[in-house]
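Colleague:
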Ligand SMILES: [Zn+2]
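Residue numbers (my numbering): -18 to 401.
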């Protein structure tokens, strides 16, 4: 039996620490690495908790990354090392300061009005999965912040799994490495993780939504930094001389497709271009655009759409200049998962041993696992009970978090059985 009350308390403790990732206009981390002090604070708390559980090697490195080892059961010392990974930071899209989690026991169904802001309503119409969690324990915010279940649900699930394994020495398990990363939400989750030191054969990120899902594909991702240069001059003498980069930028953005190739108009396996941040003024602006697709080769086509929009806009605004610089971010994890053919089947079999069945899903985004997989550590993503991430309407389901703990315990056991 999983200690659900202790798991809930862990989760509530972690979400109260503000770990919002920071990013400045140029996309650089605003205050070194990690980008916010709360990530260090939460990491420190976790090291103390893991040490108190008896994980003697629990430590936080100079980048704020937390690692620890749950030793294997006697006789399973040579089993493959399995890593469980989650990220400490939360999305900068919604404030994560002063989170006041609300626990709703025995959810009766229907829309959830958030207590501090009646305008904020978690609607069944927008979240049909609410129908599946009647009678369960849900956690929301008061409507003024995000919850941070992305990814503190994953963090809580991993720590509770470690606690359960330590308390049940009779339960067989492969050596388990725990890894908590920083700044995942701003694309730097894996920058400072030393995979040799982690020493794992396979890794699972605990950063998926709902219950019983395995993300086996992610987007491939590039970032375009578009620099728009105008000609700045005092407005009083600007006639026929000023070229306003703000107007050029507006025209450029207007040329990007909105009915296709935008996050607002695409779903499932469709890719997109997503301008998500503008900064600057009359003389120069910078626009940051995400390029996303499951098909890595299609990213070049999307970059071409940006470049075409740039060149046509420059013709409309003589004297302006638009530069499009494209940087790779991460690649679809499906491209590298085949290197460890047991990674996904073992996760499916572990769940089947609990009488449940896994749904293989694709994630319209990236995970730390996309990059780990690219670097040679196959890393699918597992469900943790989080829902509607990055939003004040975020919520989590305690019973789904419990399910994830059960899944990890079974998975650690599956990896010490001899492969068929
Ligand atoms: Zn996440």
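The C-beta atom is built at its ideal place from N, Cα and C for all residues, glycine as well.
Fair warning: this is a prediction, and the values are worked out from it, not measured in the lab.
Using three-state DSSP, classify residue 186 as helix, strand or coil.
Modeller: As a working note, residue 186 is residue 205 in the chain shown. Residue state, collapsed to three classes: strand.
Colleague: Tell me whether residue 156 sits in a helix, a strand or coil according to DSSP, three-state version.
Modeller: Within the chain shown, the letter at position 175 stands for residue 156. Correct three-state label for residue 156: coil.
Colleague: At what residues does the alpha helix (DSSP H) containing residue 414 begin and finish?
Modeller: This structure cannot settle anything about residue 414, because the visible part of the chain is limited to -18 through 401.
Colleague: Give the single residue among 320, 127, 341, 345 whose Cα lies nearest to the Cα of residue 355.
Modeller: Position 374 of the chain shown, counting from 1, holds the residue named residue 355. Nearest option by C-alpha distance: 320.
Colleague: Helix or strand or just coil, what does DSSP make of residue 396?
Modeller: Residue 396 sits at position 415 when you count from the first residue of the chain shown. It is coil, neither helix nor strand.
Colleague: Flag this pair as yes or no: are the beta carbons of residue 90 and residue 115 separated by less than 7 Å?
Modeller: As a position in the chain shown, residue 90 is number 109, starting the count at 1. As a position in the chain shown, residue 115 is number 134, starting the count at 1. Their beta carbons are under 7 Å apart, which means residue 90 touches residue 115 by this criterion.
Colleague: Who are the Cβ neighbours of residue 266 in its own chain at under 7 Å, not counting the five residues just before and after it?
Modeller: Residue numbering aside, residue 266 sits at position 285 when the chain shown is read from its first letter. 209, 226, 227, 230, 259, 260.
Colleague: Just the C-alpha distance for residue -5 and residue 336, rounded to the nearest angstrom, thanks.
Modeller: As a working mapping, residue -5 is identified with position 14 in the chain shown. As a working mapping, residue 336 is identified with position 355 in the chain shown. Taking the straight line joining both Cα atoms gives about 30 Å.
Colleague: Would you report the Cα separation of residue 213 and residue 186, rounded to the nearest angstrom?
Modeller: Here residue 213 refers to the residue found at position 232 when the chain shown is read from its first residue. Here residue 186 refers to the residue found at position 205 when the chain shown is read from its first residue. Between residue 213 and residue 186, the C-alpha separation is close to 48 Å.
Colleague: Under 7 Å, Cβ to Cβ, is there at least one residue of chain B near residue 42?
Modeller: Included in the structure is just one protein chain, with no chain B present.
Colleague: In the DSSP output, what is residue 65 paired with across the bridge?
Modeller: Position 84 of the chain shown, counting from 1, holds the residue named residue 65. DSSP lists 159, 185 as partners of residue 65.
Colleague: Return the chain-ordered list of same chain residues with a C-beta closer than 7 Å to the C-beta of residue 87, the five sequence neighbours on each side being excluded.
Modeller: Translated into positions along the chain shown, residue 87 becomes position 106. So the list reads 116, once near-sequence residues are dropped.
Colleague: Can you tell me the Cα-Cα spacing of residue 181 and residue 389, whole angstroms?
Modeller: Start at 1 with the first residue of the chain shown, and residue 181 comes out as number 200. Start at 1 with the first residue of the chain shown, and residue 389 comes out as number 408. Computed Cα separation, rounded: 15 Å.
Colleague: With a cut-off of 8 Å on the beta carbons, I'd call residue 154 and residue 397 a contact; round off their distance for me.
Modeller: For the purposes of this step, residue 154 is taken as the residue at position 173 of the chain shown. For the purposes of this step, residue 397 is taken as the residue at position 416 of the chain shown. Going by Cβ atoms, the distance from residue 154 to residue 397 rounds to 6 Å, so yes, they are a contact pair.
Colleague: Given a cut-off of 7 Å on the beta-carbon distance, is the pair residue 0 and residue 71 in contact?
Modeller: Position 19 of the chain shown, counted from the start, is the residue given in the question as residue 0. Position 90 of the chain shown, counted from the start, is the residue given in the question as residue 71. Yes, these two residues count as a Cβ contact at 7 Å.
Colleague: When the Cα of residue 332 is compared with those of 129, 22, 391, 199, which residue comes out closest?
Modeller: Within the chain shown, numbered from 1, the residue matching residue 332 stands at position 351. The shortest Cα separation from residue 332 among 129, 22, 391, 199 belongs to 391.
Colleague: Specify the secondary structure class of residue 256 as computed by DSSP and reduced to three states.
Modeller: Reading the chain shown from its first residue, position 275 is the one you call residue 256. Residue state, collapsed to three classes: strand.
Colleague: Could you tell me if the beta carbon of residue 349 falls within a distance shorter than 6 Å of some heavy atom in ligand 3?
Modeller: Of the ligands one can find in the structure shown, namely ligand 1, none is ligand 3.
Colleague: When the distance is taken between beta carbons, is residue 350 closer than 7 Å to residue 200?
Modeller: Within the chain shown, the letter at position 219 stands for residue 200. Within the chain shown, the letter at position 369 stands for residue 350. No, the pair does not count as a contact, with Cβ atoms beyond the cut-off.
Colleague: Should residue 152 go down as buried or exposed, given a rule of 16 or more other Cβ atoms within 10 Å for buried?
Modeller: The residue you call residue 152 lines up with position 171 of the chain shown. Result: exposed.
Colleague: Any heavy atom of ligand 1 inside 6 Å of the beta-carbon of residue 282?
Modeller: Residue numbering aside, residue 282 sits at position 301 when the chain shown is read from its first letter. No - ligand 1 has no heavy atom lying nearer than 6 Å to the Cβ of residue 282.
Colleague: Is residue 132 near ligand 1, with its Cβ less than 6 Å from a heavy atom?
Modeller: If you number the chain shown from 1, residue 132 lands on position 151. Indeed, a heavy atom of ligand 1 lies less than 6 Å from the Cβ.
Colleague: I want to know whether the region 91 to 103 touches the region 29 to 47 - three or more CB-CB distances under 8 Å.
Modeller: With the cut-off at 8 Å, the region 91 to 103 and the region 29 to 47 do not touch.
Colleague: Locate the beta strand (DSSP E) running through residue 201, then write down its first and last residues.
Modeller: Position 220 of the chain shown, counted from the start, is the residue given in the question as residue 201. 201 to 210 is the span of the beta strand (DSSP E), which, as asked, contains residue 201.
Colleague: DSSP state of residue 322, grouped into three classes?
Modeller: Indexing the chain shown from 1 puts residue 322 at position 341. Of the three classes helix, strand and coil, the one that applies to residue 322 here is coil, per DSSP.
Colleague: Per DSSP, what kind of secondary structure is residue 104 in: helix, strand or coil?
Modeller: Here residue 104 refers to the residue found at position 123 of the chain shown. DSSP places residue 104 in coil when its eight states are reduced to three.
Colleague: Of the choices 216, -2, -10, 32, whose alpha-carbon is the least far from that of residue 264?
Modeller: Against the chain shown, residue 264 aligns to sequence position 283. When only C-alpha atoms are compared, the closest one is 216.
Colleague: Counting pairs of beta carbons, one from the region 135 to 150 and one from the region 46 to 63, are three or more of them closer than 8 Å?
Modeller: In short, these stretches touch, since the Cβ pair count reaches three.
Colleague: Can you check the region 234 to 304 for any beta strand (DSSP E) of at least 3 residues that lies completely inside it and give the ranges in chain order?
Modeller: Fully enclosed beta strand (DSSP E) runs of 3 or longer: 253 to 261, 265 to 274.
Colleague: Reducing DSSP to helix, strand and coil, say where residue 194 ends up.
Modeller: Here residue 194 is taken as the residue at index 213 of the chain shown, counted from 1. If DSSP states are grouped into helix, strand and coil, residue 194 belongs with the strands.
Colleague: Measure the alpha-carbon distance for residue 24 versus residue 324 and round it to whole angstroms.
Modeller: Position 43 of the chain shown, counted from the start, is the residue given in the question as residue 24. Position 343 of the chain shown, counted from the start, is the residue given in the question as residue 324. Whole-angstrom Cα-Cα distance: 27 Å.
Colleague: Taking just the CA atoms, how far does residue 286 sit from residue 358?
Modeller: Translated into positions along the chain shown, residue 358 becomes position 377. Translated into positions along the chain shown, residue 286 becomes position 305. Rounded to whole angstroms, residue 358 to residue 286 spans 33 Å at the Cα level.
Colleague: Taking the beta strand (DSSP E) that residue 120 falls in, what are its first and last residues?
Modeller: If you number the chain shown from 1, residue 120 lands on position 139. Here the beta strand (DSSP E) through residue 120 covers 119 to 121.
Colleague: Are residue 277 and residue 250 close, meaning C-beta to C-beta below 7 Å?
Modeller: Residue 277 sits at position 296 when you count from the first residue of the chain shown. Residue 250 sits at position 269 when you count from the first residue of the chain shown. Not a contact, by the Cβ cut-off of 7 Å.
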